[in-house]
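Numbering of the sequence shown is given in my numbering, commencing with residue 78 and proceeding in unit increments.
Backbone N, C-alpha and C fix where the C-beta goes; we use that ideal spot for every residue, glycine too.
A quick write-up on the structure given underneath.
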Amino acid sequence: MGRYGKILRTTNGGTSWIAQTSGTTTYSLYGVSFTDANTGTVVGPMGIILRTTNGGANWIAQTSGTMYPLYGVYFTDSNTGNAVGPMGTILRTTNGGANWIAQTSGTALDLRDVSFTDENIGTVVGEYGVILRTTNGGANWIAQTSGTTNILRGVSFTDENKWTAVGESGTILNTTDGGANWITQASGTTKHLFGVSFTDANNGTAVGEMGTILRTTNGGVTFVEEELIDEMPTEFLLSQNYPNPFNPSTSIQYAISSLPDGKAGRQFVSLKVYDLLGREIATLVNEEKPAGSYEVNMVCGKYSERSLFLSTASRFIFRN
């Protein structure tokens, strides 16, 4: 999904991506939502809404009723969805997009993203830190206090009470009480963040400009940014983190050489951080990685006042 109507699809976890024909080559596409492997909706400028029911083999234009751009879209099932845009635009459908009905948002600010836990409970975010919440499917939208004036561009939930919003200048906000209170989290970056997604209460990813990817495995207490360094190592290596102890963040470099026979390949890497009592604080890396040199930047959040140390090589595991 991107410029000139481009839509890409993968069926193998991202190993390969196939271009699809969206039916438009003039406009960029801004938001996408799928409820299953076949049924999805994308939105874009000039009120564009496209829908597929066959995994993107065909995209059918729908009538949105607006000429405003639509920045975000979210469906809770194949029939029920919401789309948002500038000037407080919120559209809702309960019949798969055959009809889109404008809702009263109560704001004239631009709205950038929307997410629903079910057909009734949803959150919308946008410019000047605006956050709106509904518990009745959008019949009423209630403004919440975000504590920021930065543009919020992405929002995600793990249940009806736990939400995370991200935005410009590295802004990350978290609530555990349905938005009654939004707490700023330390992201460790000033780059603009465009989207966020959580798979459960602990594991989430935020993405942003210049290829920024932040990951958390503890609900946002710490965020980790990983960068691939342009050099090919000749051995396995875990460098001393700096600063150590962390105060309030640290950078860690590690290297993965090619396989023992010299062939290219991937190896499993696990890199974890513990406090002085031996309690695991964060999992920085826990996946297969190709050969290369990497740098991980960890922001310690509420643990910044506690002494944290990178574990020794016994916790740095390579497995063929």
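Just to confirm my understanding: we take residue i, look at its own chain, exclude 5 residues before and 5 after, and list those with CB closer than 6 angstroms. What are they?
i: Ala160; result: Val120, Leu147, Val150 and Leu168
i: Ser246; result: Asn227 and Thr267
i: Ile208; result: Val202, Gln221 and Ser223
i: Gly117; result: Phe111 and Thr129
i: Thr140; result: none
i: Leu188; result: Val161, Val201 and Gly203
i: Val273; result: Gly231, Ser233, Thr241, Val243 and Ala283
i: His269; result: Glu245, Gly285 and Glu286
i: Arg292; result: Thr282 and Val301
i: Ile290; result: Val284
i: Ile260; result: Asn251
i: Gly199; result: Phe193 and Thr211
Taking 8 angstroms as the cut-off, decide whether the C-beta atoms of residue i and residue j are in contact.
i: Val362; j: Val346; result: yes
i: Ala359; j: Val301; result: yes
i: Val156; j: Gly142; result: According to the sequence displayed, residue 156 carries Asn and not Val. Going by C-beta atoms, Asn156 is not nearer than 8 angstroms to Gly142.
i: Trp218; j: Ser264; result: no
i: Leu186; j: Gly158; result: no
Of all the options the options, which has the alpha carbon lying nearest to the alpha carbon of residue i?
i: Ile126; options: Gly133, Ala138 and Thr116; result: Ala138
i: Leu106; options: Trp136, Gly91, Trp94 and Asn238; result: Trp136
i: Gly124; options: Thr282, Lys239, Ala216 and Tyr145; result: Tyr145
i: Ala278; options: Thr241, Ser264 and Phe313; result: Thr241
i: Leu314; options: Ser141, Gly199 and Tyr331; result: Tyr331
i: Val109; options: Trp94, Thr92 and Gly133; result: Gly133
i: Phe271; options: Asn318, Thr294, Ala257 and Gly288; result: Gly288
i: Glu372; options: Ser316, Asn89 and Arg356; result: Ser316
i: Gly162; options: Asp154, Ser370 and Ala179; result: Ala179
i: Thr294; options: Ser328, Val232, Glu364 and Leu354; result: Glu364
i: Thr153; options: Met164, Phe193 and Thr181; result: Phe193
i: Tyr205; options: Thr225, Ala216, Asp190 and Asn89; result: Thr225
i: Asn318; options: Ile95, Val350 and Glu357; result: Val350
i: Asn258; options: Ala216, Arg210, Ile290 and Asp190; result: Arg210
i: Lys83; options: Gly90, Gly91, Ile95 and Thr299; result: Ile95
i: Ile329; options: Ser370, Leu354 and Gly90; result: Ser370
i: Gln97; options: Gly90, Leu85 and Gly91; result: Leu85
i: Leu229; options: Ala216, Gly199 and Val191; result: Val191
Excluding the 5 residues preceding and the 5 following residue i in the sequence, name in chain order all residues of the same chain whose CB lies nearer than 7 angstroms to its CB.
i: Lys366; result: Ile333, Arg343, Gln344 and Val346
i: Arg383; result: Residue placement at Arg383 is flagged as unreliable, the pLDDT there being 49, under the threshold of 50; a coordinate-derived value is accordingly withheld.
i: Asn176; result: Thr170
i: Asn197; result: Thr212, Asn213 and Gly214
i: Asp195; result: Thr153
i: Thr235; result: Phe275, Asp277 and Ala278
i: Ala390; result: In this prediction, Ala390 scores a pLDDT of 36, lower than 50, which makes its location untrustworthy; the coordinate-derived value is nonetheless stated afterwards. Excluding positions up to five away in sequence, the list reads Leu315.
i: Ala216; result: none
So, for residue i: in the same chain, excluding its five sequence neighbours on each side, which residues have a beta-carbon less than 8 angstroms away from its beta-carbon?
i: Asn238; result: Thr252, Thr253, Asp254 and Gly255
i: Gly297; result: Thr241, Ile249, Asn251, Gln262, Gly281 and Gly378
i: Asn131; result: Asn115
i: Asn87; result: Before going on, a small fix: residue 87 reads as Thr here, not Asn. So the list reads Ser93, Trp94 and Ile95, once near-sequence residues are dropped.
i: Gly91; result: none
i: Ser99; result: Gly82, Lys83, Ile84, Leu106, Val119, Leu127 and Trp136
i: Gly355; result: none
i: Arg392; result: Caution applies to Arg392, whose pLDDT of 36 falls short of 50 and renders its modelled position unreliable; the model cannot decide the point.
i: Leu357; result: Per the sequence shown, residue 357 should be read as Glu rather than Leu. So the qualifying residues of the chain are Lys349, Val350 and Tyr351.
i: Phe395; result: Annotation note: pLDDT 39 at Phe395 (below 50); position unreliable, coordinate value reported separately. Phe313, Ile333, Gln344, Phe345 and Val346.
Can you tell me whether residue i sits near the ligand ADP, meaning its C-beta is under 7 angstroms from at least one heavy atom of the ligand?
i: Leu291; result: With respect to the ligand ADP, the structure offers nothing, as it holds no ligand at all.
- Message: Quick check on the DSSP output: what are the complete beta strand (DSSP E) runs of length 3 or more inside the region 180-228, in order along the chain?
- Response: 188-193, 199-203, 208-211 and 219-221
- May I have a chain-ordered list of the beta strand (DSSP E) segments no shorter than 3 residues that lie completely inside the region 213-301? 219-221, 229-234, 240-244, 249-252, 260-262, 270-275, 281-285 and 290-293
- Runs of alpha helix (DSSP H) wholly within the region 123-155 (minimum 4 residues, chain order): none
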